[in-house]
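Since the structure comes first, as structure tokens, the remarks are kept for the end.
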Amino acid sequence: MENAAAFVGSVGIDGVSFIGRDEQYLLCNGSESLNRHLRKSRVRVEMNRGFGRDSTSASGSANLKKDSRKEEHDSGLYRRHLSDAVTRVIDEMIDCLKDEGKSGLFVTDGFLGPTVCAQLRKEAESLYEKNLFSRGKSSRHSSITKQQELYDKQNVLSMQVIGGEEQYDIAPKIVEYIVHLTRLLPTVISQQLKPLSLSNRLQSNKLAVCLGEGSAYDRHIDNGGGGDLRKLTLIYYLNPMWKSKHGGVLRAYDKFDASKYRDIEPIADRLVAFWSDSLVHEVLPMEGELSKEQRRYALTIWFCTDSVTHIHDLDLKVKQIHFPNV
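The sequence shown runs 232 to 557 under this note's numbering.
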């Protein structure tokens with residue numbers, strides 16, 4: 232099989248559809264409900280100049296043209312940096328994803344470098360300060376309905392990045408990160424893991440912040456079925472001040488033995504990838520009040536498959552081990 236990194240440079244970047252204004256539709260139980268919500272909420276974002284910023288506001292001013300050229304140049308350099316980062320890790324990522332029988336879990340440090348990571352952290356804080364976050368939601372297995380259910384997470388706020396002028400003005404690097412990786416990674420991974428087909432136009436995402444004082448994510452899998460098209464989860468951490476005493480560790484469980492797990496610290500510039508429909512995981516509580524600098528930020532992209540036939544139901548034995556009350 233040809234080296235996956237060879238594909239990275241040839242992938243074109245043009246447009247991405249951002250699915251939904253939140254992740255709720257992905258957690259509904261009925262596929263018809265999912266499709267109905269998807270049709271209503273799909274947001275088309277054509278990424279021409281600057282990935283999400285309006286390219287029709289040209290001015291006759293020489294200064295504006297100069298600023299525009301500089302912005303395009305900086306944007307191009309940043310996209311090249313993102314492509315180079317993917318090239319460095321893609322082969323190891325695919326090797327880990329192939330090993331789905333164990334966990335299909337990939338973890339790497341130093342993905343974008345401390346400077347870029349700090350820039351994304353600053354943008355995330357700016358989005359938070361603009362009151363663009365709302366109470367975070369997640370899914371868990373209900374012992375009553377025997378299905379996935381939504382619930383509000385304590386002291387966890389989140390937002391979906393959908394592009395457009397307002398968000399791009401505040402967080403251009405976050406928008407471009409999501410768009411560029413959505414156009415790049417699914418194509419490369421699908422080439423190497425046929426017959427899997429990941430869409431390079433459809434995705435969902437979440438920028439989440441844990442504020443402390445009990446903020447946590449219950450044990451779950453990201454894709455609980457019911458027509459959910461999410462196949463691959465990609466998490467990038469933005470926490471240069473994180474310490475072990477803060478908590479908030481991502482705990483990834485062995486499929487068939489709940490006593491075996493891997494704890495992944497949410498340190499800055501760490502990238503994590505796993506299959507959305509198979510990895511059982513949770514985020515351990517963050518106790519105590521956290522300062523602005525200590526808050527836990529995570530930027531997640533869910534890459535969607537082109538067909539629900541690529542989504543696997545959770546093995547009954549796995550359900551019995553990890554969700555015995557369901």
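We put the beta carbon where it would ideally sit given N, CA and C, even for glycine.
Query - Between the CA atoms of L427 and T536 - distance to the nearest angstrom - result: 8 Å
Requested in this report: Could you tell me whether the stretch 432-440 touches the stretch 388-399, using the rule of 3 or more Cβ pairs below 8 Å?
Outcome: yes
Query raised in the report: Of the residues I495, L545, D546 and I405, which one's Cα is nearest the Cα of F337?
Result: I495
**Report entry** Whole-angstrom distance between H512 and A489, CA atom to CA atom
**Finding:** 10 Å
Query raised in the report: Taking all protein chains shown into account, do 16 or more other C-beta atoms lie within 10 angstroms of the C-beta of D500, making it buried, or fewer, making it exposed?
Result: buried
Query raised in the report: Helix or strand or just coil, what does DSSP make of H411?
Result: helix
**Report entry** Contact under 8 Å by Cβ, Y492 with A529
**Finding:** no
Requested in this report: Using alpha carbons as the reference points, say which of L416, L547, T413 and Y408 lies closest to G307.
Outcome: Y408
Query raised in the report: What residues are listed by DSSP as bridge partners for E513?
Result: R482
Requested in this report: Just the C-alpha distance for T531 and S314, rounded to the nearest angstrom, thanks.
Outcome: 18 Å
Query raised in the report: With DSSP run on the structure shown, which of helix, strand or coil describes R252?
Result: A caution first: R252 carries a pLDDT of 35, below 50, which makes its placement in the model too unreliable to give a value.
Report task. Could you please give the first and the last residue of the uninterrupted alpha helix (DSSP H) stretch that includes L547? Result -> L547 to H553
Query raised in the report: Under the three-state reduction of DSSP, which class applies to V419: helix, strand or coil?
Result: helix
Report task. Indicate the three-state DSSP secondary structure (helix, strand or coil) for V338 in the structure shown. Result -> strand
Query - When G479, L481 and V419 are compared against L328, the one with the closest alpha-carbon - result: V419
**Report entry** Beta carbon proximity, Y309 to chain B, threshold 8 Å
**Finding:** Given the protein chain composition of this structure (a single chain), no chain B is represented.
Requested in this report: With K353 as the anchor, note down where its alpha helix (DSSP H) starts and where it stops.
Outcome: P345 to E360
**Report entry** Pick from M472, G341 and D485 that is closest to L502, judged by C-alpha positions
**Finding:** G341
Requested in this report: Less than 8 Å between the CB atoms is what I'm expecting for L442 and N362, so what's the real figure, rounded?
Outcome: Actually they are not in contact, since the Cβ atoms of L442 and N362 sit about 14 Å apart, beyond 8 Å.
Query raised in the report: Based on the DSSP output, what are the partners of A504 in its beta bridges?
Result: F337 and L465
Report task. Rounded to whole angstroms, what's the CA-CA distance from R461 to T346? Just pull it up for me. Result -> 30 Å
Requested in this report: Answer with buried or exposed for L558, where buried requires no fewer than 16 other C-beta atoms within 10 angstroms of its C-beta.
Outcome: Past the edges of the chain, shown from 232 to 557, lies residue 558, and the structure says nothing about it.
Query raised in the report: Where does E444 fall in DSSP's three states?
Result: coil
Query raised in the report: From G395 to K404, what distance separates their C-alpha atoms?
Result: 13 Å
Requested in this report: Give the DSSP-derived three-state secondary structure of V392 in the structure shown.
Outcome: coil
Query raised in the report: Hey, I542 and Q423: beta-carbon distance below 8 Å or not?
Result: no
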